[in-house]
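Colleague:
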Amino acid sequence: MTVSLEQLRRCHIAVDLGAARTRVYVKGVGLVVDEPSVAAVNTRTGSLIAVGALAEQMTGRTPAYIRVARPVSGGTVVDIDMAQRMLRHLLGEKLRRQLRRKPRLRAAACTPHDADPLAQRATVETLVGLGARRVELVDTLIAAALGCGLPVEQPTATMIMVCGAATTQIAVLSLGSIVTAVRVPVGGEAIDNAVIQHLRQHHQLMLPSQSVRPLQLALRGNGLTLNGPAVTEIHGRDVATGLARSVQVDTAAVRQAIHAPLTAVLDGLGKVLRDCPPDLVADIAESGIMMVGGSALLPGFDQMLREATGVPVNIAERPDVCSVLGLGAMLDGTVQPLSLAPVAG
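Throughout the sequence shown, residue numbering follows our numbering, covering 338 to 682 in sequence.
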């Protein structure tokens, strides 16, 4: 996936199609869309009822004839037609009219590291269906690194961890290129599911699916640290009777349940460091790891990584929108010239 900075500067719009949220950046305007990647459809008529936050609120609360769809999974478009319809409604008629005035509309999009050609093609077709004549694809890791202000173009190592809803991507960057990277199929959804399964197995309690994030309920004020109250009250539905019930949950047990999926992230982090040249590892020991993505805000996650690796761990100022802001910076021309292609020997 090689694209020059000059090609990106010709683009008019940047799109980050994530499993959890869809974000759109318009050149010269800024971030115009930041909504959940959810659409609600009437199965009887095929019409779109709601998109974004309103559609997400409908999850688990709809009658049989309304289907809540998620057209993006793991950073990959799995339903092109639904993704196009969702994007049209999120952009709005006024903005779509402005974009249609462009004689040759160009778009840029983030794709996960090592995305297969089929996944890349699905992203391209989604944006072509919205009127884009040309679509440039940029690795999410590079876009996120630029979005949080890392010196990607310098001959020093910068390590970034993109903590998404479905996957976690870890990479070491130098001279504008990825030196080594890995994608772990564990994200915020896997962590939430670990909490849900723990409460179901040990407390016979089912949590509401979308009313509140179960993780934030279970770790209220405690995070993965040992500080805070030892017990947290959780409200849900009894598995056997179906009645509403509250239980006192041991936060230490919840921390242990969350630790299992996070172990896979630590393994991926170790693999990247092992594959990295020693000189770059020395740079990382000084500069540390930068965490971006919505799941980077998991309480105590940064401290856990700090203790496991022994290197500084920082969270970006706006971790959830770093990828699209990085793309936007390349569109606006605020990024210094650098090569996104592998450095020639």
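In this text, a Cβ means the ideal position worked out from N, Cα and C, and glycines have one as well.
Return the Cβ separation of residue 475 and residue 461 in integer angstroms, given the expectation that the two are a contact with Cβ distance under 8 Å.
Modeller: With a Cβ gap of about 12 Å, residue 475 and residue 461 do not count as contacting.
Colleague: Please report how far the alpha carbon of residue 548 lies from the alpha carbon of residue 371, in whole angstroms.
Modeller: Legend: pLDDT at residue 548 = 45, less than 50; position of this residue unreliable, no value from coordinates given.
Colleague: Output needed for residue 681: all residues of its chain with C-beta closer than 8 Å, excluding positions within five of it in sequence on either side, in chain order.
Modeller: In this predicted model, residue 681 has a pLDDT of only 47, less than 50, meaning its place in the structure is not dependable enough to derive any value.
Colleague: Counting along the chain, where does the beta strand (DSSP E) carrying residue 387 start and finish?
Modeller: Taken as a continuous stretch (DSSP letters only), the beta strand (DSSP E) holding residue 387 covers 385-388.
Colleague: Kindly provide the ranges of any alpha helix (DSSP H) runs that are 4 or more residues long and lie completely inside the region 420-479, ordered along the chain.
Modeller: Taking only runs of at least 4 residues, the alpha helix (DSSP H) segments lying wholly in the region 420-479 are 454-465.
Colleague: Roughly how many angstroms lie between the CA atoms of residue 374 and residue 634, to the nearest whole one?
Modeller: Rounded to whole angstroms, residue 374 to residue 634 spans 19 Å at the Cα level.
Colleague: Give a yes or no on whether the C-beta atoms belonging to residue 368 and residue 378 are separated by under 8 Å.
Modeller: No, these two residues do not count as a Cβ contact at 8 Å.
Colleague: Unbroken beta strand (DSSP E) runs of length 3 or more, entirely within the region 491-551: which are they?
Modeller: The qualifying runs are 495-500, 505-511, 514-521.
Colleague: How far does the alpha helix (DSSP H) with residue 380 in it extend, from its first residue to its last?
Modeller: No alpha helix (DSSP H) holds residue 380; DSSP gives it neither H nor E.
Colleague: Could you name the residues of the same chain whose beta carbon sits closer than 7 Å to that of residue 597, not counting the 5 residues immediately before and after it, in chain order?
Modeller: Excluding positions up to five away in sequence, the list reads 531.
Colleague: Could you tell me if residue 579 is buried or exposed, where buried requires 16 or more neighbouring beta carbons within 10 angstroms of its beta carbon?
Modeller: Residue 579 is exposed by the Cβ-count criterion.
Colleague: Take residue 470 and list the residues in its own chain whose beta-carbon comes closer than 7 Å to its own, dropping the five residues that flank it on each side.
Modeller: These residues qualify, in order along the chain: 441, 442, 443.
Colleague: Check whether the Cβ atoms of residue 508 and residue 497 sit closer than 8 Å, and answer yes or no.
Modeller: Yes, they are a contact pair.
Colleague: Please report the straight-line C-alpha distance between residue 615 and residue 419, rounded to a whole angstrom.
Modeller: About 46 Å.
Colleague: In terms of alpha-carbon separation, which member of 446, 429, 355, 390 lies closest to residue 408?
Modeller: Of 446, 429, 355, 390, the residue nearest in Cα terms is 355.
Colleague: Might you give, ordered along the chain, the residues of its own chain that have their beta carbon closer than 8 Å to the beta carbon of residue 349, omitting 5 neighbours on each side?
Modeller: Around residue 349: 363, 364, 436, 439, 442, 443, 444, 668.
Colleague: Excluding five sequence neighbours on each side, which residues of the same chain lie with their C-beta closer than 6 Å to the C-beta of residue 344?
Modeller: The answer, listed in chain order, is 473.
Colleague: Measuring CB to CB, does residue 487 end up less than 8 Å from residue 627?
Modeller: Yes; because the gap between Cβ atoms is below 8 Å, this pair is in contact.
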